[in-house]
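See structure below.
In the UniProt record's numbering, the protein residues as written are 1 to 289.
Rendered as structure tokens:
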């Protein structure tokens, strides 16, 4: 097995910046680890904006773009470094509020919210009623998870009831894994939604790699897809989503796949990329700079 099987590895984003006018950039694992910003990534954003490039932060966070902007600003990622933040939460709320998405036509207004205790979904400001148990709900809204690396037992009990009742689950963060401030890889909401399907339930996903959020982002950029680069650390979400939407992609190695890849051994790269075939990145880089 040889390194010719691998995408071309870049030293810095400037190596290919003349090829693209728009960038869809992931945040967790690419710009920061949830607590601290990556200085070289911050400098890369500044250089892109100085060069007149359009940048959308495309995040699988269940929080709104405005909430994410506040969190990133607290880490030193100011609004002058990008044009917009578009989150999976934004995508879910756009589809659900007003029931504009066909899949949600006729859906009731009573919702069981699964997420951090501090997170309050905007649904509750638009005529939706939060209930405490699945038996009271019309659907389940999966928003976020606490720091602990396990699914709460109460969630499992409620999900089993919801599956038996045939309640749809709407997942506003399809990530299967996440990186915490210590660099540990933790379970993410997408894994909970997948578990719900194994229980016999139906899950609807918003965010990467699903096409709806990419359509919104490309319209926002106002560019041909051939001039847009997707940047992220997940083969399953960032690379697959870009590829399925006709975009080139830059795979950031030191992110959610970090424990599975030893960059000094090309075979580990080949194996990890092959495991997610056909989601093959156009380029790769150890970290965004």
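Don't be surprised by glycine CBs; every beta carbon is placed ideally from N, CA and C.
Pick helix, strand or coil for residue 247, following the three-state DSSP scheme.
coil
Within the same chain, show all residues whose beta-carbon is closer than 8 Å to that of residue 76, passing over the 5 residues directly before and after it, in chain order.
37 and 42
Can you name, in chain order, every residue of its own chain whose Cβ lies under 6 Å from the Cβ of residue 206, other than the five neighbours on each side?
88, 91, 92 and 172
Entirely enclosed alpha helix (DSSP H) segments - the segment 22 to 93, minimum 4 residues:
39 to 50 and 65 to 74
By the DSSP assignment, the beta strand (DSSP E) with residue 205 in it spans what residues?
202 to 205
Where DSSP assigns a beta bridge to residue 284, which residues make up the other side?
9 and 251
According to DSSP, simplified to helix, strand and coil, what is residue 121?
coil
Beta-carbon gap between residue 254 and residue 208 smaller than 8 Å
no
Quick check on DSSP: helix, strand or coil for residue 178?
strand
Suppose the cutoff is 7 Å on Cβ atoms and the five residues either side in sequence are ignored; what does the same chain contact list for residue 109 look like?
127, 128, 129 and 138
Under three-state DSSP, which class holds residue 146?
coil
Taking the alpha-carbon of residue 233 as reference, which of 213, 287 and 189 has the nearest alpha-carbon?
287
Burial state of residue 239 (16 or more Cβ within 10 Å):
buried
Give a yes or no on whether the C-beta atoms belonging to residue 231 and residue 25 are separated by under 8 Å.
yes
Just confirm the distance between the C-beta atoms of residue 112 and residue 158, as a whole number of angstroms; I'd bet it's less than 8 Å.
6 Å
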